[in-house]
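Anchor point for the sequence shown: position 96 equals 95 in numbering that gives the first Met the number 0, and the numbering is continuous, going up by one each time. Glycine included, each C-beta is placed from N, C-alpha and C at the ideal position. As the structure is a prediction and not an experimental result, all values here were calculated from the model. A short write-up of the structure that comes next.
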Amino acid sequence: MEQNKMPEKKESNRNFKKKHFKIKIINQSLNHIIIIFLFFILPISAILFVDHQSWIIIPVIIINFLKLVYTIIITYTFATIFLKFTVNIILKMFESVSKKEEKILLSKIYIGFVYAFTSAVMFWQIGIDTQNIVIFLGLAATGFAFAIREIILSYFIWFILLTKKPFKIGDYICIGEEEGLVKHIGLFYVVVSPTRHKEFYKIPNKVFLEKPIKNYGTGLFESFFDYYIKEIPGDLSDRIDKIVERTNITEGIDLKLKLDSDCDGLKLTAYYRSTFHERENIKHKLIGIILEGINILQPEHVGEEQ
0 MEQNKMPEKK
10 ESNRNFKKKH
20 FKIKIINQSL
30 NHIIIIFLFF
40 ILPISAILFV
50 DHQSWIIIPV
60 IIINFLKLVY
70 TIIITYTFAT
80 IFLKFTVNII
90 LKMFESVSKK
100 EEKILLSKIY
110 IGFVYAFTSA
120 VMFWQIGIDT
130 QNIVIFLGLA
140 ATGFAFAIRE
150 IILSYFIWFI
160 LLTKKPFKIG
170 DYICIGEEEG
180 LVKHIGLFYV
190 VVSPTRHKEF
200 YKIPNKVFLE
210 KPIKNYGTGL
220 FESFFDYYIK
230 EIPGDLSDRI
240 DKIVERTNIT
250 EGIDLKLKLD
260 SDCDGLKLTA
270 YYRSTFHERE
280 NIKHKLIGII
290 LEGINILQPE
300 HVGEEQ
């Protein structure tokens, strides 16, 4: 009974830590908003109050400007507070039907909608009519597009990656000379964890339009290695058959060995299928089995894994 309770206890502790971490992030965000409130809204409110009480005479143009800034800051402050309390609720509502990529897109759409609605309310409060709003937004969007076209391009590529799904978080992909496990699909780059070390690297989104993507998914995919040899023994065919048979029986791996050559000399190419996580382990097993079956391999001259 105690052994059964231990995993449940660990799981409950893990969930508690996750909830505590989320609450901590929300509190930090709210603290930032409070700082903005204290350093911007309160001083402006004090100046407007002093002018309203006629204690100090301030030029009308300055008062109008401060009122405009006050309206903008207070509107977006309330919108930010509203988002901090509701964005997680919205994501939980679609938790059972949405994947990671869809949740990311949904959260961005929700945040964009709230800020767009807030902007419309703000324009209405400061007395700008609909026609002027449309003209202003059109001119602003045109200038904005020319100024940050690279960012806009990254945004559209990010949107394509999330909607068309050439790959998903958790898939093993290869693009150009880079390969690895997809950890995160961001607005400007994709985080990929390679196989040869624990560090990760970031691939800019525009690369996915310039180079072909090879998606191996999360299941089995084919890999191969080149093993260079000095000379061919007379019974090479029998040795290869024994190696393939042993690999199939002892390790359950469907191995194929092919004799080939290139500018570096004679080589044996080993083909096999594995998952991303097991590829290196299976490679090491195959090296040991082949070295036992054929003693004339050159371990220092092993071809690059594909």
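Delimiting residues of the beta strand (DSSP E) encompassing residue i
i      : result
SER236 : No beta strand (DSSP E) holds SER236; the alpha helix (DSSP H) holding it covers 235-245.
ILE212 : 212-216
LEU267 : 264-273
GLU221 : 220-228
LEU208 : First-last for LEU208: 206-209, but that is the alpha helix (DSSP H), not the beta strand (DSSP E).
GLU177 : 177-184
PRO203 : 200-203
ILE174 : 171-174
Whole-angstrom C-beta distance between residue j and residue i, which should lie under 8 Å
i      : j      : result
LEU258 : THR246 : Contact flag wrong, Cβ pair sits at about 17 Å.
LYS202 : ILE174 : According to the sequence as given, residue 202 is Ile; it is not Lys. With a Cβ gap of about 7 Å, ILE202 and ILE174 count as contacting.
LYS282 : PHE224 : 6 Å
ILE72  : PHE38  : With 8 Å as the limit, ILE72 and PHE38 do not qualify as a contact, their Cβ atoms being about 10 Å apart.
THR274 : GLY218 : 7 Å
ILE172 : ASN214 : 5 Å
TYR226 : LYS284 : No, TYR226 and LYS284 are not in contact; Cβ-Cβ is about 14 Å, not under 8 Å.
LYS69  : SER106 : For clarity, residue 69 is Tyr in the given sequence; the question names Lys instead. Incorrect: roughly 29 Å between the Cβ atoms, too far for contact.
ASP50  : ILE57  : 5 Å
LEU47  : LEU65  : 6 Å
Range of the contiguous alpha helix (DSSP H) that encloses residue i
i      : result
PHE64  : 59-92
PRO42  : 41-51
LYS164 : Note, LYS164: premise wrong, no alpha helix (DSSP H); not H, not E.
HIS276 : Looking at the DSSP string, HIS276 is not in any alpha helix (DSSP H), and its letter there is neither H nor E.
Beta-bridge partners of residue i, as assigned by DSSP
i      : result
SER118 : BP columns for SER118 are empty, so no partner.
LEU258 : LEU267
TYR154 : BP columns for TYR154 are empty, so no partner.
TYR192 : The question names Tyr, yet the displayed sequence has Ser at residue 192. Note: SER192 sits in a beta bridge opposite LEU180.
Three-pair Cβ contact test at 8 Å for the stretch 204-217 versus the stretch 256-270: no
Does the stretch 176-190 come within contact of the stretch 230-248, defined as at least 3 CB pairs closer than 8 Å? no
Evaluate the contact criterion for the stretch 99-118 versus the stretch 70-86: three or more CB pairs, one atom per stretch, below 8 Å. yes
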